[in-house]
Every structure is written in structure tokens, then in C-alpha cells.
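Enquirer: Next up is a structure, given as C-alpha cells.
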Amino acid sequence: MRTSVGGPGGLVTPGDSESGTLVGRDKDLAALRAAMAGHRMVSVTGLAGVGKSRLCRAAVGVGPWQRVVRVRWTGRGPAVPGGLGRRVVEELTGRPASRTDLFAAVADLPALPTLLVLDDVDPVRLECAGLVQRLLMALPTLRVLVACRRELGVGEERVFRLAPLDCRSPRDTGRPSAAMELFLDRARLAVADFRPTESDLRAIEEVCSVLEGVPLAVELAAQQLGAHAPADLPRLVTHNQCRLSADGRSVPRHRSLREAMAAEYLLCEEDVRAVWRRVGVLQGPFTEETAVFVCAGGGVAAEQVPFCVARLVSSGILERLDGPGGISMPRYRMRRAPRDFGFEQLTGTKEFRVAAERRMLHCRRTAAVAENLWSTGCQRQAVELVRERQADIQAAIRHAVARQEHVEWAVETMVGLWFWWMVYGHVEEGRRALLRLLSLPAPADSPVRREGWWLAAWMCADRDPRRAGELLARAWRAAVLAGDDATVGRVAYVHGVLACRHHDVHSAAAHFRQAADTIPALAPGGPTPAVSLAALAVAQLRSAPDDARHSARRALTHPSVRTDAWAIMLARHAQALLDHHDGRPRRAARRARRALEALDPTLPDPRGTAALRQLLSEAGERAARPRHGSLLPPSRGEALRPR
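Structure representation (C-alpha cells):
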């Protein structure tokens, strides 16, 4: 039965995997030695460039063995059947392997405790598994240590999964993270008298985080200091890490990240390569269901995709984000360097267009699910879903703008995520993307366009009111012709926002009243009538306080408010403003505090939270001032002062 051990950390060498010093590897080295002491066979696995070979070389120095035999598969030329076995027998016996019977070849070996180290055996993995199994049966005193990217699957195997370096600095120690220690160590070799400043250290920390602590990548980045300043490195490594390279390395695949990924890519079967390429279009986490949707077809059956995903996980190409055995569907993400390599391979094939289209459909479906969650009261789940898949949504929209493909789907996606842009502080990002999409050609009678026009007008209300008015006119005409009451009401709502910007509270109140009366109670795709009623109460605050109080109560009792936590917060804000205006600061502060306490602390602050906090501060200060005729007893000085 196989078991797995391992932990965070990393390893790399300055020139190749055969020399150099260990950095940030003490815990992993101790754990590996403990595993080797208790098991006859241990396999060190992990992503390419994580430092498996170097750790194995460091671990053999301490142990119960009296003899160490190292065999490294060079990988030059095609793998000859039986070639690894002959090499191992020659090294164990010290003479040419003339007999094909392995048991007979090693029968006369002395019974010395021996450690056999097999390195870089991925090209001959199947032969290695059978060879190790037979050697362990033939030599009772033999122990085996294997460095490979995937476990061999031998019954006595104990798997030590080697993770990349930790990029987080230890708390309250003032020491850099293990990845930064490695970078600084290699930087001193690349640049004489390297003394980083505080800004340099911040840049190096960002570089290590972008490189995800992969030791080979960290070292290659450190070697760029001869040609680039530390401040330039984050930009260099953010876009296509596979460009990182360095000369003077004896192992060809360690000369660049592209060559390291290519070596792993060539070891994969064709269907695994196809899944690697296609899933490279996904920037963020994804589920197995999403992988099947994006990757199936073109020679890869849907039932093959889960196996390919598991194969990529075992090689370290994919990372599983949650532990096995959970009740939810497992989630994966592809590390940045393999993703960059896979995306390069994808763009050179006819598969790219299909993969990009399926990514767009995936984002469109995400927007539909998120909008449904928002409109049914699961607003926290909606925001978390969009936040997790934000990178894919941004990539899909950029592709739609650049290639002018799937424009209508992209607009529909943005409209479905209106709450992400307008409620949670992504207005500027959404405005730029949506205006570009709306400027591209599309059918004149597209229903998605009229929804996109009013949303773009809302986004432009603060920055460009004139353009907002033009967009509202187009949206209103299209909505009236189509009989779309929801869009007509939301156009009125944005008109109310524009009127408030011009301090025309009477017009704003009329527009907000029209919006509240026109928008259907449970219409998806935009703010509910309760939001318009809360805005109406604020607009009526000074001119008609009684009407404002009635509007605020209507907002809190409207059917749409039951599933809209944001509308509840706005309505309570309106009531707190009324109390503050009526000279009841303590009551206003209580209302504002209750509204703030109802917010979900795991989510960003929604729109209106800053104004609510400002009101709480002002109401608290006003409530703290002593009023005329206070019932508090006078101080001693005031009591003696003549009246």
C-alpha cells in the first residue's frame, strides 16, 4: 500500500541539479530522511524544476546503508528496452551485464545495506517500476530512492510529494520567505555585492509570488539581474514565464522554463497533452465538470478528461485546491508556467478558437448562475463565485474585444454581472470593457444591447454624464419598442442618478418613483424596485420629509427586498438619514450601526457603505454634544457660577 508524505518548501541549484547548496529545504530534508529510514522504497515526485534530484542527493548522506549506488537516466536518444536494467546491474555488480536473468545477476552480491538512487527515470518509468519491484524481492538489504515526476505505482512505494517554496514570510520573525531566501542567494551569485533596498525587496517578494515559489523559476529570475533592475522583474515574469532562461546549465531542460515544460509535455500521452493545451485557456480555478466542457472533443472523449486531469495533478501541472474526500466538487488550478506553455501550444493549433468559444460560454453560464444567486437572496455565494472566476471573465471579455468574436455573449455576461461592477467597486473596469463591446457591430434589434446601454449609462453617470444621457436615449427607445418594462424602469433609475448629480432633487424623485413603479418586483439583471424606493427616500429628504419616511418604509416592506441585502442596507441608510435630519442623532447612529453590522465581513464593502460610516461618525459626534436643557448635573464650577 502506498502512502504519501511531504510539505512546503523548495530546492534548486545554481548551475544544474547536481551542485549547489540547499535553501529553504531543512524541513523537507528531515522528513525525507525519516521516510527513507522507515521504508525500503521512497519516490520523490513533483513539478518540473522543483528540485527533486538535488534533495535526493542531499538525503543520502545520513542513513543505515553502507553503500550508495546512483544511476541517472540521461534521456539521450530513444529508450532502449532493458537499457535501465542493464545500467543498474552494471552499477550494482561493477561488471558488464551479460546475463539477462536479474536474480542470477545479483545473486552473488554481498549482503550489505545498499541504497540505490534512481534519478530522471520518467522516460523509462514503466521499466523502472518493474525493475524496482524485482530488485526489492531479490535483495532483502536493498533500499531504493527514486526522483521522478510521478510515482511508480509499486506496492511498497512511499511517495514524498515535493511542493514549491513557500512565498509567505514567517510572521513576527522579520525573515524573508523561503522563496525570497533562494532568490537573494542566487542574486548574490549573479551580481557581485548585491544589496537590495526596501523597494527592491518588495519587488522580489512580488516576483516570487508570481512565480509561485517554483525553485527553477525563482533562480532563472534571479539570474536576470545582470540585465534588469529588480523593479523591472515583476513585469517581466507576469507575462509568459516561459521566456525566463539562462546559459551555463549542464542539464538542457533547466536552461529555460519553456524547455522544462516541454520535457514534461513530451512525456505525456496525446490525450493528456490535448487537455493540458485546452485547459490552459482557463486563468482561474475550475472543476472537473468545467474541464470536460472545455476539453472534450477533437479526439478526446468526455470520459477521458477526468483521467487526464488526474494525470496532470500527479505530475504537478495541476494543483488541487481542496483536500480529497470533501462533499463539494473538487477544484483545480493550473500553475502559471505550465499554463503559459500550454497556451503557447494551443495558439499554434486549430483548437484555439473552439477553446476560446467554450471559455466564453463557461463565463456566460457563470454570469447566469451568479445573477440567479444574487436575485434569489444568495448574494454572498454570487459574489464569491464571480470573485473566483474573475480572471477567466476578464480574459474572455478581452478576447471578445480583440477578436470581435462572441460580442453579444460578452455583453450578456457583463449585464448579468451588473452587481459586480456597480455594487462592489469595479465600475471603471466594467465601463471600459462594456463601452468597447458596445462600439463593435451587432444586430440592431439585439435585446442584449438595450440592457448593455442602460448599464453603460449607469457606469458613465459620474465620469461622463453627457454620454450617459446618449446611451439612456438609445436604451429607452429600444426598450419601449420591445415592451421591456424592466429596462424602461432602470433607464428611469439612471436618470434619477444623473438628476442627483445636478442637485435637481425634484426631478430625481420623479425618476426614482417611476423606476420603483415600473420595474417588476422580481426582474433579474439590475437593481430591484426596493433600491429605487430607498433612493427616492433620500431625494425627498429635505423637500418632503414625511414622504421620504413613507418611501423608506415602502422600501423595507417591498416584496423584492426579501432577497436583496443591498437594498435593505440602502433603505436603512435612508431611515438613518431621516433621523439625523430630524435631530435624533442617537437613533440615527443605532440604525447606521445595525445596517453596518448586517454586512457580510467576508465580502468587500458594497456601494453606499462609506456614506453609511460617515453618517455613523457624524451622528455619533452630534449625539455626544451636550444639548440645551440637559438633565446631566452641572459641574462644580458651573454650580457656583451665578445664574
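Sequential numbering from 998 applies to the sequence shown in my numbering.
Think of the CB as a built atom: it goes at the ideal place given N, C-alpha and C, for glycine as much as any other residue.
In whole angstroms, what separates the C-alpha of Gly-1522 from that of Asp-1501?
Expert: Answer to the nearest angstrom: the Cα atoms are 27 Å apart.
Enquirer: Would Leu-1452 and Trp-1417 be called neighbours here (beta carbons separated by less than 8 Å)?
Expert: In this structure, Trp-1417 does not lie closer than 8 Å to Leu-1452 by Cβ.
Enquirer: For Ala-1260 versus Ala-1028, is the C-beta distance shorter than 8 Å?
Expert: Result no, Cβ atoms of Ala-1260 and Ala-1028 do not sit closer than 8 Å.
Enquirer: Output the distance between the C-alpha atoms of His-1625 and Pro-1582, rounded to the nearest integer angstrom.
Expert: At His-1625 the pLDDT is 45, less than 50, meaning the model places this residue with poor confidence; the figure from the coordinates comes in the next sentence. Near 15 Å, if we compare the C-alpha coordinates of Pro-1582 and His-1625.
Enquirer: Could you check whether Arg-1584 and Asp-1576 sit closer than 8 Å to each other, using their CB atoms as the reference points?
Expert: Yes, they are a contact pair.
Enquirer: Beta carbon of Leu-1318, beta carbon of Arg-1328: below 8 Å?
Expert: It is a contact, given that the beta carbons lie within the stated cut-off.
Enquirer: Expressed to the nearest angstrom, what Euclidean distance is found between the alpha-carbon atoms of Val-1641 and Glu-1316?
Expert: With the chain covering 998 to 1640 only, the question about residue 1641 has no answer from this structure.
Enquirer: Could you check if Lys-1024 is buried or exposed, using at least 16 other CB atoms within 10 Å of its CB as the buried criterion?
Expert: The residue in question, Lys-1024, is exposed, as its Cβ has fewer than 16 Cβ neighbours within 10 Å.
Enquirer: Strictly by DSSP, which residues pair up with Cys-1283?
Expert: Rather than Cys, the amino acid found at residue 1283 in this sequence is Phe. Per DSSP, Tyr-1329.
Enquirer: From this set, Ala-1175, Cys-1292, Phe-1157, which residue's C-alpha is nearest Gly-1313's C-alpha?
Expert: Ranking Ala-1175, Cys-1292, Phe-1157 by Cα distance to Gly-1313 puts Phe-1157 first.
Enquirer: Bridge partners of Met-1419, per DSSP?
Expert: Partner(s): none; Met-1419 has no beta bridge.
Enquirer: For Gly-1339, is the classification buried or exposed, using 16 other Cβ atoms within 10 angstroms of its Cβ as the cut-off for buried?
Expert: Buried, since its Cβ has 16 or more Cβ neighbours within 10 Å.
Enquirer: Would you check if the stretch 1549-1563 and the stretch 1481-1496 touch, i.e. whether three or more CB-CB distances between them fall below 8 Å?
Expert: These segments do not touch.
Enquirer: Between which residues of its own chain and Val-1059 is the CB-CB distance below 7 Å, once the five residues before and five after are set aside?
Expert: These residues qualify, in order along the chain: Arg-1030.
Enquirer: Using the C-alpha atoms, what's the distance from Arg-1569 back to Thr-1525?
Expert: Distance between the alpha carbons of Thr-1525 and Arg-1569 is about 16 Å.
Enquirer: Closest to Arg-1146 by C-alpha separation, out of Leu-1136, Leu-1133, Ala-1160, would be which residue?
Expert: Closest by alpha carbon: Ala-1160.
Enquirer: Can you tell me whether Ala-1507 is helix, strand or coil according to DSSP?
Expert: Reduced to three states, the DSSP call for Ala-1507 is helix.
Enquirer: Please go through the same chain and pick out, in chain order, the residues whose beta-carbon is closer than 7 Å to the beta-carbon of Gly-1006, but skip the five residues on each side of it.
Expert: With a pLDDT of only 35 at Gly-1006, under 50, the local geometry of the prediction cannot be trusted, and the value read off the model is given with reservation. Contacts found: Gly-1021, Arg-1022, Lys-1024, Asp-1025, Ala-1160, Leu-1162, Asp-1163, Ala-1175.
Enquirer: For Glu-983, count neighbouring C-beta atoms within 10 Å of its own C-beta (all shown protein chains included) and say buried if the count is 16 or more, exposed if not.
Expert: Look at the range of the chain in this structure, 998 to 1640, and you will see that residue 983 is not part of it.
Enquirer: Using the three-state DSSP reduction, which class does Gly-1074 fall into: helix, strand or coil?
Expert: In this prediction, Gly-1074 scores a pLDDT of 47, lower than 50, which makes its location untrustworthy; no coordinate-derived value is stated.
Enquirer: Measure from the alpha carbon of Asp-1105 to the alpha carbon of each residue in Leu-1089, Pro-1120, Thr-1344, Cys-1305, then state which is nearest.
Expert: Closest by alpha carbon: Leu-1089.
Enquirer: State the DSSP-derived secondary structure class of Ser-1253, mapped to helix, strand or coil.
Expert: The answer is strand: DSSP assigns Ser-1253 an E or B state.
Enquirer: Quick one: what's Leu-1139 bridged to in DSSP?
Expert: DSSP, once it has assigned bridges, lists Thr-1111 as partnering Leu-1139.
Enquirer: Rounded to a whole number of angstroms, what is the C-alpha to C-alpha distance between Arg-1165 and Leu-1208?
Expert: Near 13 Å, if we compare the C-alpha coordinates of Leu-1208 and Arg-1165.
Enquirer: Exposed or buried, Gly-1210, counting other C-beta atoms within 10 Å across all chains shown (16 or more means buried)?
Expert: It is buried - the Cβ of Gly-1210 has at least 16 other Cβ atoms within 10 Å.
Enquirer: Quick one: complete alpha helix (DSSP H) runs, 4+ long, within the stretch 1375-1400?
Expert: You should have 1376-1385, 1387-1400.
Enquirer: Taking Cβ to Cβ, would you say Pro-1412 is nearer than 8 Å to Leu-1437?
Expert: Pro is not the amino acid found at residue 1412; the sequence shown has Val there. Contact flag unset, no.
Enquirer: Among the residues of its own chain, which have a CB less than 7 Å from the CB of Val-1065, if the five just before and after it don't count?
Expert: Counting only Cβ-Cβ distances below 7 Å, and skipping sequence neighbours, we find Val-1057, Leu-1112, Val-1114.
Enquirer: Counting along the chain, where does the beta strand (DSSP E) carrying Phe-1304 start and finish?
Expert: It is not in any beta strand (DSSP E) - Phe-1304 instead sits in the alpha helix (DSSP H) that spans 1302-1311.
Enquirer: Enumerate in chain order the residues of its own chain whose CB-to-CB distance from Thr-1363 is below 6 Å, with the five nearest sequence positions on each side excluded.
Expert: Excluding sequence neighbours, Thr-1363 sits near Arg-1386.
Enquirer: So, with DSSP's three-state summary, where would you put Thr-1042?
Expert: Looking at Thr-1042 - three-state DSSP - the assignment turns out to be strand.
Enquirer: Tell me, to the nearest whole angstrom, how far the beta carbon of Met-1357 is from that of Ala-1393; I am working on the premise that it is less than 8 Å.
Expert: Indeed they touch by this definition, with Cβ atoms about 5 Å apart.
Enquirer: Tell me which residue opens and which closes the alpha helix (DSSP H) that Val-1207 is part of.
Expert: From DSSP, the alpha helix (DSSP H) with Val-1207 extends over 1195-1207.
Enquirer: Tell me whether the stretch 1369-1386 and the stretch 1266-1275 touch, counting them as touching only if at least three CB pairs, one residue from each stretch, are closer than 8 Å.
Expert: No, the stretch 1369-1386 does not touch the stretch 1266-1275.
Enquirer: Just tell me which of Gly-1035, Leu-1519, Gly-1493, Arg-1498 has its CA closest to the CA of Arg-1510.
Expert: Considering only alpha carbons, the answer is Gly-1493.
Enquirer: Within the continuous beta strand (DSSP E) that includes Val-1066, where are the two ends?
Expert: Val-1066 -> beta strand (DSSP E) spans 1064-1069.
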